[in-house]
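Trainee:
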Ligand SMILES: C[S@@+](CC[C@H](N)C(=O)[O-])C[C@H]1O[C@@H](n2cnc3c(N)ncnc32)[C@H](O)[C@@H]1O
């Protein structure tokens with residue numbers, strides 16, 4: 154059974170098979186990222202944090218933080234922050250985030266973010282919104298933790314619904330990547346993760362469904378832009394009052 158076809162989500166809204174896969178592939182995750190992005194992925198995460206133009210004491214939560222790259226960038230650029238929190242349901246990913254130097258790492262998910270109401274100046278999430286069991290519920294939960302005027306940025310891989318770019322992406326990720334990466338990484342889990350990536354991103358909602366759910370949850374200045382390749386970026390704010 155592939156992860157995309159897998160068993161129903163747990164009570165916390167996190168799919169058990171997805172969690173097992175991330176736990177199993179966690180130690181290869183950063184290497185996979187570097188290989189598939191030709192080393193640019195962490196640069197882009199740092200740029201994402203800088204683009205928020207937050208004051209040095211801003212608070213931020215990174216949801217679906219994985220090995221913690223966005224949270225680490227936030228620690229670097231927000232030196233006076235009293236709270237930079239990394240949240241992930243995978244115990245192995247959390248262990249690696251702590252090892253990488255993220256100071257505050259907590260179990261949680263898009264359905265259940267373990268920080269108080271209206272406590273965060275920014276919420277960021279890299280390549281995890283695809284795992285929301287219920288997009289509307291996830292955006293309501295994200296909004297709950299945001300301070301008035303707070304900013305949200307989500308990075309996600311967006312696959313075109315049809316056409317040459319979709320076929321090429323499938324060929325590169327599922328066809329080539331899932332065969333080559335296990336060899337380069339020395340682990341079968343890397344191939345399983347790549348096959349899962351394709352299943353997860355190719356079945357994810359189109360951008361207009363995501364932006365509509367953001368608007369419904371009460372976000373303002375909602376926008377989506379295609380950055381390049383498959384990378385897409387969603388941004389929004391909560392009102393100042
Ligand atoms: C593709 S990784 C992205 C990690 C990191 N944000 C990055 O930029 O590299 C997806 C992460 O989402 C986590 N995840 C899976 N289901 C989730 C859920 N329901 N809510 C939040 N995170 C979830 C996984 O454990 C994994 O660490």
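Numbering (our numbering), first residue to last: 154 to 394.
The C-beta atom is built at its ideal place from N, Cα and C for all residues, glycine as well.
Computed from a predicted model, the values in this text were never measured in an experiment.
Leaving out the 5 sequence neighbours to the left and right, which residues in its chain are closer than 6 angstroms to residue 267 when beta-carbon positions are compared?
Mentor: Cβ within range, chain order: 259, 261.
Trainee: Among 188, 178, 210, whose alpha-carbon lies nearest the alpha-carbon of residue 248?
Mentor: Ranking the options by Cα distance to residue 248, first place goes to 178.
Trainee: Throw me the rounded Cβ distance for the residue 188 and residue 337 pair, which I believe falls under 8 angstroms.
Mentor: Right, the Cβ-Cβ distance comes to about 6 angstroms (below 8 angstroms), so this counts as a contact.
Trainee: Would the beta-carbon of residue 272 fall within 8 angstroms of that of residue 215?
Mentor: Not a contact, by the Cβ cut-off of 8 angstroms.
Trainee: Hey, would you say the C-beta of residue 259 is under 7 angstroms away from at least one heavy atom of ligand 1?
Mentor: Not under cutoff, so the answer is no.
Trainee: Can you grab the Cα-Cα spacing for the pair residue 256 / residue 170, in whole Å?
Mentor: Each residue's alpha carbon lies about 27 angstroms from the other.
Trainee: Do residue 372 and residue 297 have their C-beta atoms closer together than 8 angstroms?
Mentor: It is not a contact, given that the beta carbons lie outside the stated cut-off.
Trainee: Which of the three DSSP states is assigned to residue 187 in this structure?
Mentor: Helix at residue 187.
Trainee: Among 205, 206, 314, 254, whose alpha-carbon lies nearest the alpha-carbon of residue 228?
Mentor: Checking every option, the nearest Cα to that of residue 228 belongs to 254.
Trainee: So what does DSSP say about residue 301, is it helix, strand or coil?
Mentor: Strand, per DSSP.
Trainee: Which one or two residues does DSSP pair with residue 384 in a beta bridge?
Mentor: Paired residue(s): 310, 381.
Trainee: Given a cut-off of 8 angstroms on the beta-carbon distance, is the pair residue 280 and residue 246 in contact?
Mentor: Against a cut-off of 8 angstroms, the Cβ pair of residue 246 and residue 280 comes out as no contact.
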